[in-house]
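Colleague:
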Amino acid sequence: MFRKFFEQLRWKKLARQLRKPAGAAGIDVAGKMNTANEFLYDFTLDEMMIRENESILEIGFGNGKFFSKQFSRAENLRITGLDFSGVMVRTARKHNKALIKEGNLSLVKGQSDKMPFLSASFDKVFCINVAYFWEDPQEHLLEIYRVLRPGGRLYATIRSRESMNQLPFTRYGFRTYTEEEWKLLCHLNNLLFIRCSSVYEPAFPGPGVITGARSVCLVAEKRSL
Ligand SMILES: C[S@@+](CC[C@H](N)C(=O)[O-])C[C@H]1O[C@@H](n2cnc3c(N)ncnc32)[C@H](O)[C@@H]1O
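Take 4 as the starting number for the sequence shown in the working numbering and just add one per residue.
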């Protein structure tokens, strides 16, 4: 009985750290996320087809290890990151000193249902492994709609429900989405559903080695006026 109790406690703690990394344990978890999620960054950036001069927002960048990947996709990009974890913002600023100094990258502390940005600021908004934590997804999608330029696109990548259900910590506060649910949420928030692209990931470390996980990138567009 005690063993089960401590196991559950462990998964709850991990779930809390994944939602909002805090303290030294949060820095450690963020490092592990880099290994587990690099493939999803490459997949999502392929979906985004970034072009020169674009203005891009990443919501929930974790420790910010992959901003250089974004800049390698096209010239003259302006990239903004938003994360509500103070320790992640500080860590990501340390990892990206040069990009910030050059004035091409700005990292801001804040939450995606109340963003400190002007309306119609971004050509593309993306988030990876973040939508699980939206208690009311509509509040976040409404804000994303507001900060996108007309014709701008959202790319939201998450692991599929069947893959997440295999991970013991997802019982504690994770929401998953089917393609039909994404379609409905887009419709309710005035976003045009473009597609859900799906990918099978190579094995990655989690609680053990995770094999056969499927992830999905929702692509949706703010209609042009
Ligand atoms: C599971 S981690 C994912 C990090 C990285 N994107 C990855 O895939 O490795 C979730 C990150 O999003 C941030 N986050 C979660 N919900 C957020 C919200 N509503 N607004 C801003 N940041 C959020 C957390 O602080 C954390 O850094």
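Here a beta-carbon is modelled for each residue, glycine too, at the ideal position from N, C-alpha and C.
(1) Which residues have a Cβ closer than 5 Å to any heavy atom of ligand 1, listed in chain order?
(2) Can you check the stretch 76-132 for any alpha helix (DSSP H) of at least 4 residues that lies completely inside it and give the ranges in chain order?
(3) By DSSP, does residue 216 sit in helix, in strand, or in coil?
(4) According to DSSP, residue 7 sits in a beta bridge with which residue or residues?
(5) Which class does residue 224 belong to by DSSP, given the choice of helix, strand or coil?
(6) Can you tell me the Cα-Cα spacing of residue 220 and residue 92, whole angstroms?
(7) Take residue 127 as the anchor and find which of 102, 55, 165 has the nearest alpha-carbon.
(8) Hey, would you say residue 192 sits closer than 9 Å to residue 36, going by beta carbons?
(9) Can you give me the C-alpha to C-alpha distance between residue 51 and residue 179, rounded to a whole angstrom?
(10) Between which two residues does the beta strand (DSSP E) harbouring residue 159 extend?
(11) If you check the beta carbons only, do residue 87 and residue 23 fall under 9 Å apart?
(12) Within 8 Å, do at least three Cβ pairs link the stretch 102-114 to the stretch 37-47?
(13) Going by beta carbon distance, what residues of the same chain come within less than 8 Å of residue 217, once the five residues before and after it are set aside?
(14) Do residue 90 and residue 34 have their beta-carbon atoms positioned less than 9 Å apart in this structure?
(15) Among 114, 63, 49, 227, which has the Cα closest to the Cα of residue 74?
(16) Ordered along the chain, which non-local residues of its own chain (more than five positions away) have a Cβ less than 8 Å from that of residue 129?
(17) Under a three-way DSSP split, which group does residue 198 fall into?
(18) Counting Cβ pairs, one atom from each stretch, are 3 or more of them under 8 Å apart for the stretch 136-155 and the stretch 207-217?
Modeller: By the coordinates alone:
(1) 21, 23, 36, 40, 63, 65, 86, 87, 88, 91, 114, 115, 131, 132, 133, 136
(2) 89-98, 100-104
(3) coil
(4) Bridge partners of residue 7: none, in fact.
(5) strand
(6) 24 Å
(7) 55
(8) no
(9) 22 Å
(10) 151-162
(11) yes
(12) no
(13) 162, 163, 165, 166, 201, 202, 203, 204
(14) no
(15) Here the closest residue by C-alpha is 49.
(16) 47, 51, 59, 60, 61, 62, 157, 158, 159, 160
(17) strand
(18) no
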